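Asks:
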Amino acid sequence: MNNTDEKNQATEECLEDTQTAHEQTENVIIEEETCTLCNDSAQCVTVCKHFFCYTCARGFITQSTKCVVCSEETNGIVFITVNESRNKQNKKK
242 MNNTDEKNQA TEECLEDTQT AHEQTENVII EEETCTLCND SAQCVTVCKH
292 FFCYTCARGF ITQSTKCVVC SEETNGIVFI TVNESRNKQN KKK
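Going by the numbering used here, the first residue of the sequence shown is number 242, and it counts up by one from there.
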């Protein structure tokens with residue numbers, strides 16, 4: 242296997258991981274969840290379903306691709322919660 246094939250395979254695996262993570266978290270709906278680290282309002286959720294505010298999520302993702310709560314691999318992927326996404330859409334209207 243040459244270097245290009247290895248890069249293509251790694252890219253495909255990353256895309257599959259991202260799709261799987263999205264499927265696991267796409268329907269997470271929260272009402273009053275708080276950030277696991279600072280207790281502020283949570284806007285983000287990890288694959289392992291831990292909730293964080295933007296500031297804390299950005300902070301730990303830049304340090305490691307693992308969840309700071311349970312050490313599960315997140316591949317640096319954090320999703321905006323459904324409620325936060327709806328709030329942003331409503332503000333645009």
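Cβ atoms here follow ideal geometry from the backbone N, Cα and C, with glycine treated the same way. Given the structure is predicted, the values throughout are model-derived calculations rather than measurements.
(1) Going by DSSP in three states, Glu313 sits in which element: helix, strand or coil?
(2) Is it true that the CB of Cys297 sits closer than 9 Å to the CB of Leu278?
(3) Could you give the DSSP three-state label for Thr275: helix, strand or coil?
(4) Which residues does DSSP list as the beta-bridge partners of Lys290?
(5) Return the Cβ separation of Cys285 and Tyr295 in integer angstroms, given the expectation that the two are a contact with Cβ distance under 8 Å.
Replies: In short, the structure shows the following:
(1) DSSP places Glu313 in the coil class of the three-state scheme, outside both helix and strand.
(2) The answer is yes: Cβ separation under 9 Å.
(3) Look at Thr275 here: in three-state DSSP terms it is strand.
(4) Residue pairing by DSSP places Lys290 opposite no residue, since no beta bridge is assigned to it.
(5) Yes, Cys285 and Tyr295 are in contact; Cβ-Cβ is about 6 Å, under 8 Å.
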